[in-house]
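This report refers to the structure that appears directly beneath it.
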Amino acid sequence: MKKVLALILAACMVFGLAACTKTTTPDSNTTAAPETTAAKDDAEPAKDTTAAPADDTQGAETEPAAPAADSAYDSHLTISMDVLDAEKTNLSAKDEFFRNKFNIDWDLYPVTWGDWLEKIRAWVNADDMPDIVWWDMKAANTAEFKQWAAAGAFREIPEDLSRWPNLQRLRDELVSDDALLSVDGHLYGWPSSRQNPPELQNCYYPMFAYRRDWAKAVGMYKEGDVYTWDEVKAMIDAIKAQDPGGNGEGNTLGITMESWAWEQYQLVTINSPNPDRLGYHKDENGNYRLYEATDEFADAIEFAQSLYQGGYVWKDQINDSGNDGFQKFLAGQAFMFLGNDSPSWFNGDVLNKMVRGGIVPDDEAVAPMIVLSECGDHNFYLIQSEDYWTVASISHNVDDEKFERILDMWDWLASEEGRIFLVAGVEGKDYTKNADGTYNILWDKDDTGAYISPYQDMAFNIYTPATLTASPNETSVEYGYKLFEPVYDYMANSGNFVAQTMPWEVMAWNGPEYSEYGYFYSDISTEISKIMVSDVDAHEAWAAFRESISDKLKAVEDELNANLK
């Protein structure tokens, strides 16, 4: 086994750079979130951003014990698993309840955002894995994962899940399990369902937040927060001239963004009129073509270039390798911010740093903003991502008893009883249940009426593999979710929202040309940055770039068309 996996690891190292991207943050409260400035394309669930922090957080030493849990298991097992924030994990009365319920102890393998993927590779290569191999697997890792699974690294998830009905329900709902995690019809990885609202269609949130109060101050606010780019540019011009934020002449910025949003050329992608996901898609003849190599995509580059050259985008954004753009928005120096601006982001950064920090006058001053694409049919485009955040596999070294115990744990966590455990905690300590099936949360509240979580300085990655939890929920701060109600309504009812869908068959392909060149992401990102900050003709520059990669691109497209039709 070790020799086989060592050979696989060597072959798979070509995927390393593409697979190391950190993820953006879905709305959940099951584990700790990365720094806001981390490069993201999808997301890690937020730590306890749905509940207000306590002034004096209770540590594990002083926290009252949870009511004892009766265990249905006679044998005591130790289960190993890799986790982020290991030092904050398995410390609370909530964790004690879970350990007692399933008669287990945890053996934690610490990982960080910087070493997570490489540790997984090293453990699989050495056949020295934890029992539960949990990782931030992306679609780009599919070939690598399938090689590991085919070599026998992981136990198969049973086809018959009738003993675990809650896992069966999730299996029926998900798409990625069959597309990315199965080999010859056998499932070897369990995806942790994002539990996104249906209107979102599993898209992630690279969209704008804006100073609604400034738009009102210059008389250009529109009910519903939906704007065209002409309206956006007019507002930025007026705000710079009138300075409603009191920053002083010349000190108010138009658009700032996360550094990863610049690197991932988000100003271009949100204005690209392709109804399918960017990357390889089928043209009118049914052939795979790279959308970024089309004239339509060059139109979007030209428009993004005009925003930068026209002074609507912060000039130093190209040099921001940290979080300066983010900090300038939080400090009240910028009108718009492009990032992973989800409901949980509003509940965390906006509510805590801008509203409660006194940067803005009230909780309606900042809002999500829909900006319609400049190109094509002027729709609101978001890119679909995987329908999961993180994947867990069970090591082939795990015996039947432990394997079934793990699935029992996951099935319970995916049940209604498990859901309220994840979002609140232990019955009798954290909540009580009413006769009608609703819950009374027993946590204290702050002066805004938000619950103060006793767990906000702790991490609960050990529960993430089963599933994430839908938000808002019983312990959520309502602020961010209220702000997003009109966004979800627009997605569901406007007819102008387009979810650019996942090309599952391409993402799962592992042919040599595609594996070597992929989407040419790094080359494309570098070239777009050059064009945006210069006054070159965008179409001519992009045509020259396309010519420079034409031979390699043809090889990839030919491979896809020969194998995936």
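The sequence shown begins at -7 in the numbering used here and counts up one residue at a time. Backbone N, C-alpha and C define an ideal beta-carbon position, used for all residues, glycine too.
Practice task
Could you tell me if D333 is buried or exposed, where buried requires 16 or more neighbouring beta carbons within 10 angstroms of its beta carbon?
Solution key: The residue given as residue 333 occupies position 341 in the sequence shown. So D333 counts as buried.
Practice task
Buried or exposed for G317, please, with buried defined as at least 16 other CB atoms from any protein chain shown within 10 angstroms of its CB.
Solution key: Working through the sequence shown from its first residue, we reach residue 317 at position 325. Buried: at least 16 other Cβ atoms inside 10 Å.
Handout entry: Endpoints, alpha helix (DSSP H) assigned at F200
Key = Here residue 200 is taken as the residue at index 208 of the sequence shown, counted from 1. Premise fails: F200 lies in the beta strand (DSSP E), P198 to R203, not in any alpha helix (DSSP H).
Problem - Test item: CB-CB of G181 and S385 under 7 Å - result: Walking along the sequence shown from the start, residue 181 turns up at place 189. Walking along the sequence shown from the start, residue 385 turns up at place 393. For G181 and S385, yes; Cβs fall inside 7 Å.
Practice task
Check whether the stretch 279 to 290 touches the stretch 217 to 228, taking contact to mean three or more Cβ pairs, one atom from each stretch, closer than 8 Å.
Solution key: no
Problem - Buried versus exposed, by CB contacts within 10 Å (16 or more), D341 - result: On the sequence shown, residue 341 is found 349 positions in, with the first residue counted as 1. With 16 or more other Cβ atoms within 10 Å, it is buried.
Practice task
Starting from R281, trace the beta strand (DSSP E) both ways and give me its first and last residue.
Solution key: Position 289 of the sequence shown, counted from the first residue, corresponds to residue 281. From DSSP, the beta strand (DSSP E) with R281 extends over Y280 to L282.
Practice task
Could you name each continuous alpha helix (DSSP H) segment of 4 residues or more that falls completely within the stretch 206 to 247, going from the start of the chain to the end?
Solution key: 221 to 234
Practice task
Please classify K425: is it buried, with 16 or more other beta-carbons within 10 angstroms of its beta-carbon, or exposed?
Solution key: Taking the first residue of the sequence shown as position 1, residue 425 is located at position 433. Exposed.
Exercise for the section: Give me the Cα-Cα distance between F295 and E508, rounded to the nearest whole angstrom. Expected result: Taking the sequence shown and counting its residues from 1, the one referred to as residue 295 is at position 303. Taking the sequence shown and counting its residues from 1, the one referred to as residue 508 is at position 516. Using only the alpha carbons, I get a separation of about 31 Å.
Exercise for the section: State the start and end residues of the unbroken beta strand (DSSP E) segment that holds A141. Expected result: For the purposes of this step, residue 141 is taken as the residue at position 149 of the sequence shown. Counting along the chain, A141 falls outside any beta strand (DSSP E), though it belongs to the alpha helix (DSSP H) covering T134 to A142.
Handout entry: 7 Å Cβ cutoff met for T134 and A500
Key = By 1-based counting over the sequence shown, the position of residue 134 is 142. By 1-based counting over the sequence shown, the position of residue 500 is 508. Yes. Within cutoff.
Problem - The beta strand (DSSP E) enclosing T424, as first and last residue numbers - result: For the purposes of this step, residue 424 is identified with residue 432 of the sequence shown, where counting begins at 1. Segment Y423 to K425, the beta strand (DSSP E) holding T424.
Problem - Run of the beta strand (DSSP E) containing M328, from where it starts to where it stops - result: As a working note, residue 328 is residue 336 in the sequence shown. It spans A326 to N332 - the beta strand (DSSP E) in which M328 sits, taken as one unbroken run.
Handout entry: Contact set for D40: own chain, Cβ-Cβ below 7 Å, skip 5 residues either direction
Key = Here residue 40 corresponds to residue number 48 of the sequence shown, with the count starting at 1. Unreliable placement is indicated for D40, whose pLDDT of 37 sits below 50; the coordinate value is still reported in the next sentence. Only N21, S445, Y447 and Q448 meet the Cβ criterion.
Practice task
Determine, using beta carbons only, whether N158 and D403 come nearer to each other than 7 Å.
Solution key: Position 166 of the sequence shown, counting from 1, holds the residue named residue 158. Position 411 of the sequence shown, counting from 1, holds the residue named residue 403. Yes. Within cutoff.
Problem - For T440, the nearest candidate out of F89, V498 and L343 (CA to CA) - result: Translated into the one-based positions of the sequence shown, residue 440 becomes position 448. Ranking the options by Cα distance to T440, first place goes to L343.
Handout entry: Segments of 4+ residues assigned as alpha helix (DSSP H) that fall wholly inside the stretch 308 to 366
Key = 316 to 322
Practice task
Whole angstroms is fine: what's the gap from N339's alpha carbon to K474's?
Solution key: On the sequence shown, residue 339 is found 347 positions in, with the first residue counted as 1. On the sequence shown, residue 474 is found 482 positions in, with the first residue counted as 1. Taking the straight line joining both Cα atoms gives about 10 Å.
Problem - Identity of the residue in D97, S486, L545 and L179 nearest D515 by Cα - result: Position 523 of the sequence shown, counted from the start, is the residue given in the question as residue 515. The residue with the shortest Cα to Cα distance from D515 is L545.
Problem - Endpoints, alpha helix (DSSP H) assigned at I262 - result: Counted from its first residue, the sequence shown places residue 262 at position 270. Segment: none, I262 is in no alpha helix (DSSP H) and carries neither H nor E.
Practice task
Could you have a look at H531 and say whether DSSP puts it in helix, strand or coil?
Solution key: Your numbering for residue 531 matches position 539 in the sequence shown. Looking at H531 - three-state DSSP - the assignment turns out to be helix.
Exercise for the section: Answer with buried or exposed for A44, where buried requires no fewer than 16 other C-beta atoms within 10 angstroms of its C-beta. Expected result: Numbered from its first residue, the sequence shown carries residue 44 at position 52. The predicted position of A44 is uncertain, since its pLDDT is 42 and thus under 50; a value taken from the coordinates is nonetheless stated next. A44 should be labelled buried.
Problem - Own chain partners of V224 with C-beta closer than 8 Å, once the 5 adjacent residues on each side are dropped - result: Sequence index remark: in the sequence shown, residue 224 carries index 232 (1-based). For V224, where only same-chain residues beyond five positions count, the Cβ hits under 8 Å are Y304, M328 and V363.
Problem - Residues sharing a beta bridge with H273, DSSP - result: For the purposes of this step, residue 273 is identified with residue 281 of the sequence shown, where counting begins at 1. For H273, which the question treats as bridged, DSSP gives the partners R281.
Handout entry: Alpha-carbon to alpha-carbon, A131 and G510
Key = The residue given as residue 510 occupies position 518 in the sequence shown. The residue given as residue 131 occupies position 139 in the sequence shown. Distance between the alpha carbons of G510 and A131: 12 Å.
Practice task
Please state if the CB of K394 and the CB of L179 are separated by a distance shorter than 7 Å.
Solution key: The residue given as residue 179 occupies position 187 in the sequence shown. The residue given as residue 394 occupies position 402 in the sequence shown. For L179 and K394, no; Cβs fall outside 7 Å.
Exercise for the section: Verify whether the separation of the beta carbon atoms of Y280 and L100 is less than 7 Å. Expected result: Walking along the sequence shown from the start, residue 280 turns up at place 288. Walking along the sequence shown from the start, residue 100 turns up at place 108. No. Outside cutoff.
Practice task
Starting from V383, follow its DSSP beta bridges and name the residues at the other end.
Solution key: Residue numbering aside, residue 383 sits at position 391 when the sequence shown is read from its first letter. Paired residues: W127 and P183.
Practice task
Give the DSSP-derived three-state secondary structure of Y447 in the structure shown.
Solution key: Here residue 447 is taken as the residue at index 455 of the sequence shown, counted from 1. Three-state result, Y447: coil.
Handout entry: Endpoints, beta strand (DSSP E) assigned at A491
Key = Taking the sequence shown and counting its residues from 1, one reaches residue 491 at position 499. A491 -> beta strand (DSSP E) spans F489 to Q492.
Problem - Where P360 falls, given that 16 or more other Cβ within 10 Å makes a residue buried - result: Here residue 360 corresponds to residue number 368 of the sequence shown, with the count starting at 1. Buried, since its Cβ has 16 or more Cβ neighbours within 10 Å.
Problem - G420 to D481 span [Cα, whole Å] - result: Translated into the one-based positions of the sequence shown, residue 420 becomes position 428. Translated into the one-based positions of the sequence shown, residue 481 becomes position 489. Each residue's Cα considered, the two are about 37 Å apart.
Practice task
Indicate whether the contact test is met: 3 or more Cβ pairs, each with one atom in the stretch 373 to 381 and one in the stretch 408 to 420, closer than 8 Å.
Solution key: no
Problem - Cα-Cα separation, D222 to Y202 - result: Your numbering for residue 222 matches position 230 in the sequence shown. Your numbering for residue 202 matches position 210 in the sequence shown. Each residue's alpha carbon lies about 16 Å from the other.
Problem - N- and C-terminal bounds of the beta strand (DSSP E) containing S72 - result: Here residue 72 refers to the residue found at position 80 of the sequence shown. L69 to L76 is the span of the beta strand (DSSP E), which, as asked, contains S72.
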